[in-house]
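**Student:** In the working numbering, the protein residues as written are 6 to 250. Ideal Cβ placement from N, Cα and C applies to all residues, glycine included. One structure follows; several queries about it will come next.
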Amino acid sequence: MVDLSASYREVSQFEQSAQQWWDSEGEFSGLHKMNPIRLSFIKDRLCQHFDRHRDELKPFTGLNIIDVGCGGGLLCEPLSRLGAEVTGIDAGKNNIEVAKRHSKEKDVSVNYKKCLPEDVVKNGNTYDVVISLEVIEHVINAENFVKTCCQLLNPGGVIIFSTLNRTVESLALAKLGAEFVFRLVPVGTHSWRKFIKPSELAKFLRQSGLYLDYLQGMVYYPLYDEWRLGKNVRINYVISAKKPV
């Protein structure tokens, strides 16, 4: 396909820091702190949709999940521990190498591949759940990226995105604050113009024939140095949608 989703300038930026993926105090410390609430949202939505019990040890047993833009595997490993059959794909060779090495060290089963979602579509693979967190704001064409991700989803499946809203608040806090004040992410990580409003993302999902399931904000509390799920979607948010059977 001509219109590839990956921005190789941004991929190379993350590649340079690939060895720090599993350093909870390093450049990706913000994602480490965010991961618990991302997993909480995923667990809530999938258990509700697939009629699973949230308190089970492995509620995702039997589910086939792909993490698009998996980085070093911060999300893939806990999903696997929850019982899912997990595939993690990323455009960065270094990211995938780090992810493979860490999962081997921790004896966690994840199928990692260096490829784009377009490549997976071309191979005809589909999944019960498609997840792409903090990725869409880095791709070349968000609309085409969503369309491609939706093509990976089985009928009756769930897709989940998390990203940044394009607001004055996100410019002040998620761009300037996160990169220059709180140092949650490396300087230059984000381009505010590529942030996506929930209404825009919802439109892209509907264009692919999906219907919206749930929208929730992800809010950072500097005083406690932690993230919480809430109603405020003005900066970070996570959204789920379902594909009709």
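Which residue's Cα is closest to the Cα of residue 172: 119, 242, 111 and 151?
**Tutor:** Against the sequence shown, residue 172 aligns to sequence position 167. Comparing Cα positions, the closest option is 242.
**Student:** So, for residue 155: in the same chain, excluding its five sequence neighbours on each side, which residues have a beta-carbon less than 8 angstroms away from its beta-carbon?
**Tutor:** Residue 155 sits at position 150 when you count from the first residue of the sequence shown. Cβ within range, chain order: 135, 164, 210, 213, 214, 215 and 248.
**Student:** Rounded to whole angstroms, what is the Cα-Cα separation between residue 123 and residue 81?
**Tutor:** The count along the sequence shown starts at 1 and reaches residue 123 at position 118. The count along the sequence shown starts at 1 and reaches residue 81 at position 76. Their Cα atoms are separated by approximately 20 angstroms.
**Student:** Would a C-beta distance cut-off of 8 angstroms place residue 71 and residue 157 closer than the cut-off?
**Tutor:** Start at 1 with the first residue of the sequence shown, and residue 71 comes out as number 66. Start at 1 with the first residue of the sequence shown, and residue 157 comes out as number 152. Cβ atoms of residue 71 and residue 157: closer than 8 angstroms.
**Student:** In terms of DSSP beta bridges, what is residue 246 paired with?
**Tutor:** Residue mapping note: residue 246 aligns to position 241 of the sequence shown, counting from 1. In DSSP, residue 246 forms a bridge with 164 and 217.
**Student:** Starting from residue 38, follow the alpha helix (DSSP H) in both directions and report where the run begins and ends.
**Tutor:** Numbered from its first residue, the sequence shown carries residue 38 at position 33. Note, residue 38: alpha helix (DSSP H), 34–54.
**Student:** Applying the 10 Å Cβ sphere with the 16-neighbour rule, what's the burial state of residue 28?
**Tutor:** Locating residue 28 in the sequence shown gives position 23, counting from the first residue. Exposed.
**Student:** Give the DSSP-derived three-state secondary structure of residue 140 in the structure shown.
**Tutor:** Residue mapping note: residue 140 aligns to position 135 of the sequence shown, counting from 1. DSSP places residue 140 in coil when its eight states are reduced to three.
**Student:** Quick check: the region 93–102 against the region 115–122, are at least 3 beta-carbon pairs closer than 8 angstroms?
**Tutor:** Contact holds: three or more Cβ-Cβ distances are below 8 angstroms.
**Student:** Does the Cβ-Cβ distance between residue 246 and residue 228 come in under 8 angstroms?
**Tutor:** Walking along the sequence shown from the start, residue 246 turns up at place 241. Walking along the sequence shown from the start, residue 228 turns up at place 223. In this structure, residue 228 does not lie closer than 8 angstroms to residue 246 by Cβ.
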